[in-house]
Amino acid sequence: MRILWRPSGFLRRLLQVESYRITESESLIPLDWTSLIQKPGRAPGIFLLDQRKRFSTMPEIDLSERHYELFSPPSDVRGMTKLDRTAFKKTVTIPVLKVRKEIVSKLMRSLKRVALQRPGIKRVIEDPEDEESRLIMLDPYKMFTDDSFEKAELSILKQLNVSPQISKYNLELTYENFKSEEILRAVLPEGQDVTSGFSRVGHIAHLNLRDHQLPFKHLIGQVMIDKNPGITSAVNKINNIDNTYRNFQMEVLSGEENMITKVRENSYTYEFDFSKVYWNPRLSTEHSRITEFFKPGDVLFDVFAGVGPFAIPVAKKNCTVFANDLNPESHKWLLHNCKLNKVDQKVKVFNLDGKDFLQGPVREELMQQLGRLSKERTHSVHIVMNLPAKAIEFLSAFKSLLDGQSCGSELLPIVHCYSFSKDANPAKDVQQRAEAVLGTSLDACSSVHLVRNVAPNKEMLCITFRIPAVILYKNQILNLEKHEEPPLKRQRTDKSFSKENTQIV
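Just so you know, this note's numbering puts 278 at position 278 of the sequence shown, and the rest follows in order with no gaps.
Listed below in structure tokens is the structure:
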């Protein structure tokens with residue numbers, strides 16, 4: 001026994017089916033389905049074809065899989081390495097409903113359930129045989145005959161004097177009708193991962209292809225350009241980020257070779273040569289998170305500033321910014337972007353090694369910021385160190401950095417230091433490594449924030465803490481008995497990696 005389910009959704013009866021027969025004149029099943037019907041070894045489901053109870057068996061497959069099989073590119077494009085757009089032509093048979101053109105808009109609202117939902121394909125087309133009529137494309141997996149309409153749909157058709165009779169229409173699909181994922185899924189070897197995602201940097205699509213995708217790299221690059229408006233160049237990273245200048249070698253897969261681009265992030269505009277500087281669009285949220293710490297009058301020391309994604313938004317909040325980057329190209333574009341965003345009068349730009357920047361301009365400015373007038377100071381001082389591969393090593397530059405008496409603990413600089421971790425407990429790992437470099441515990445004054453997952457078992461994190469006075473000042477003697485301020489409260493390590501903003505006590 002098999003259960004027969006009418007397309008209208010009502011269970012009519014149980015029927016025993018011993019045999020079935022389909023002819024082209026009797027069935028509205030698209031021609032593509034015939035191959036599915038003949039496949040053995042799959043549990044058949046039964047679909048009602050018309051009111052005379054002609055039945056056909058079809059594999060019970062997921063709707064999305066059915067649509068993929070019908071709307072997938074031709075099978076003979078498999079293995080293509082040089083894009084040939086003409087090879088993607090394919091004809092499929094679609095059920096259509098003929099209606100008068102003046103009632104199309106009103107009728108479409110009532111036929112949402114059965115209308116063809118396929119991006120890039122019009123649901124209403126002209127009738128080649130009658131200019132006063134239109135053809136409504138219907139979903140071939142929901143509509144087989146007029147009996148496939150639900151009661152409410154039939155009622156609307158009757159009210160509008162529309163015949164529920166369904167006709168066939170041969171729809172020609174071309175390269176333009178297929179999505180990038182569908183094209184790559186059809187071209188690459190079966191079972192292999194398909195690349196349809198990328199990082200967008202202005203007009204550039206930045207891919208990170210795997211080894212099995214490299215024979216198809218030029219085709220993949222061209223497909224990314226074709227299917228993403230505004231993308232005119234596709235590049236692939238061919239080595240790891242250089243730790244000195246934080247850039248990487250790239251290969252242009254397709255399109256123009258111009259790497260000077262413009263991006264818009266959090267209402268700010270940045271221009272740069274993507275082949276010579278570091279830029280990661282996935283850090284947009286992190287840039288905003290750090291910027292929210294700042295109030296007008298605060299001070300930022302950006303040790304590894306890049307082209308300005310921290311420095312410029314902070315300067316826009318009427319803060320004083322000291323921004324540094326060792327890469328001459330980053331330094332050049334940082335100056336350019338400060339002018340572009342009209343903050344060049346608020347940002348002092350340096351082209352130094354991170355350690356030299358900390359022990360030079362940062363030390364000099366901190367001596368003034370934390371000097372005699374520090375008790376009257378109400379603004380905060382922040383130091384951002386966004387060089388995840390090495391930033392923790394630079395924390396040693398804070399040891400005995402300043403002379404004289406220490407200021408109150410609430411006036412000490414706040415450090416936001418980034419790092420990668422592959423440890424099972426990445427937050428603890430980052431804190432312990434920072435403590436090892438500084439030579440002191442950070443339990444009382446730090447918290448850790450998960451920035452993003454970089455790769456399997458590799459996290460990017462930010463540890464935020466106030467620099468302990470015993471580290472920052474030379475010959476510092478802590479006299480806890482005479483200390484007027486209460487001890488710092490222990491900060492919670494964000495073990496669950498929530499998105500809650502870090503709070504510094």
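All residues carry an ideal CB built from backbone N, CA and C; glycine is no exception.
Thinking leucine 171 and isoleucine 94 are a contact (beta carbons under 8 Å), I'd like their distance in whole angstroms, please.
-> Within the sequence shown, numbered from 1, the residue matching residue 171 stands at position 171. Within the sequence shown, numbered from 1, the residue matching residue 94 stands at position 94. With a contact defined as Cβ atoms closer than 8 Å, leucine 171 and isoleucine 94 qualify at about 5 Å.
For serine 447, the nearest candidate out of Glu459, Phe465 and Thr174 (CA to CA) | Working through the sequence shown from its first residue, we reach residue 447 at position 447. Of the listed residues, the one whose Cα sits closest to serine 447 is Phe465.
In three-state terms, what does DSSP make of leucine 395?
-> By 1-based counting over the sequence shown, the position of residue 395 is 395. Secondary structure at leucine 395: helix, using DSSP grouped into helix, strand and coil.
Kindly indicate the opening and closing residues of the beta strand (DSSP E) around valine 314.
-> Within the sequence shown, residue 314 is the residue found at index 314, counting from 1. Not the beta strand (DSSP E): valine 314 falls in the alpha helix (DSSP H), residues 311–315.
In chain order, which continuous runs of the alpha helix (DSSP H) of length 4 or greater are located wholly inside the region 81–156?
-> You should have 104–108.
What three-state label does DSSP hand isoleucine 220 in the structure shown?
-> Reading the sequence shown from its first residue, position 220 is the one you call residue 220. Isoleucine 220 falls in the helix class under three-state DSSP.
Since asparagine 266 contacts proline 313 with CB under 8 Å, what's their CB separation in whole angstroms?
-> By one-based count along the sequence shown, residue 266 stands at place 266. By one-based count along the sequence shown, residue 313 stands at place 313. 6 Å between Cβ atoms; contact.
How about valine 124: is its Cβ closer than 7 Å to a heavy atom in the ligand HEM?
-> No copy of the ligand HEM appears in this structure; indeed no ligand is present at all.
DSSP-derived helix/strand/coil call for tyrosine 473 | Residue numbering aside, residue 473 sits at position 473 when the sequence shown is read from its first letter. The answer is strand: DSSP assigns tyrosine 473 an E or B state.
Can you name the residues that DSSP bridges to asparagine 453?
-> Translated into positions along the sequence shown, residue 453 becomes position 453. Residue pairing from DSSP places asparagine 453 in a beta bridge opposite Glu459.
Have a look at lysine 39 and serine 75 and give me their C-alpha separation to the nearest angstrom.
-> On the sequence shown, residue 39 is found 39 positions in, with the first residue counted as 1. On the sequence shown, residue 75 is found 75 positions in, with the first residue counted as 1. Unreliable placement is indicated for lysine 39, whose pLDDT of 35 sits below 50; no coordinate value is reported for it.
Cα separation between leucine 547 and leucine 97?
-> Any answer about residue 547 is impossible in this case: the structure gives the chain only from 1 up to 505.
Cα-Cα separation between glycine 439 and glycine 371, rounded to whole angstroms = Here residue 439 refers to the residue found at position 439 when the sequence shown is read from its first residue. Here residue 371 refers to the residue found at position 371 when the sequence shown is read from its first residue. About 25 Å.
Going by the CB atoms, is the gap between phenylalanine 398 and isoleucine 471 shorter than 8 Å?
-> The residue given as residue 471 occupies position 471 in the sequence shown. The residue given as residue 398 occupies position 398 in the sequence shown. In this structure, phenylalanine 398 lies closer than 8 Å to isoleucine 471 by Cβ.
Neighbourhood of leucine 442 by C-beta, 7 Å cutoff - its chain only, sequence neighbours within 5 removed = Residue numbering aside, residue 442 sits at position 442 when the sequence shown is read from its first letter. Once the five neighbours on either side are set aside, the close Cβ partners of leucine 442 are Gln431, Ala434, Glu435 and Phe465.
Count the C-beta pairs between the region 76–92 and the region 185–205 that are closer than 8 Å, then say yes if the count reaches three, no if not.
-> Two segments are said to touch when three or more pairs of C-beta atoms, one from each, lie closer than 8 Å; by this definition the region 76–92 touches the region 185–205.
Nearest residue (CA-CA) to leucine 107, options Ser400, Leu83, Val92 and Pro164 = Here the question's residue 107 lines up with position 107 in the sequence shown. Comparing Cα-Cα distances from leucine 107 to each of Ser400, Leu83, Val92 and Pro164, the minimum goes to Pro164.
Helix, strand or coil: how does DSSP classify isoleucine 231 here?
-> Locating residue 231 in the sequence shown gives position 231, counting from the first residue. Of the three classes helix, strand and coil, the one that applies to isoleucine 231 here is coil, per DSSP.
Nearest neighbour of valine 515, chosen from Lys101, Leu70, Val104 and Leu111 [CA to CA] = As shown, the chain starts at 1 and ends at 505. That puts residue 515 outside it, with no answer to give.
Excluding five sequence neighbours on each side, which residues of the same chain lie with their C-beta closer than 6 Å to the C-beta of lysine 168?
-> Numbered from its first residue, the sequence shown carries residue 168 at position 168. So the list reads Thr93, once near-sequence residues are dropped.
Starting from leucine 184, follow its DSSP beta bridges and name the residues at the other end.
-> Here residue 184 corresponds to residue number 184 of the sequence shown, with the count starting at 1. According to DSSP, leucine 184 bridges with nothing at all.
Counted within 10 angstroms of its Cβ, other Cβ atoms place asparagine 386 as buried (16 or more) or exposed | Here residue 386 is taken as the residue at index 386 of the sequence shown, counted from 1. By the C-beta density criterion, asparagine 386 is buried, having at least 16 other C-beta atoms within 10 angstroms.
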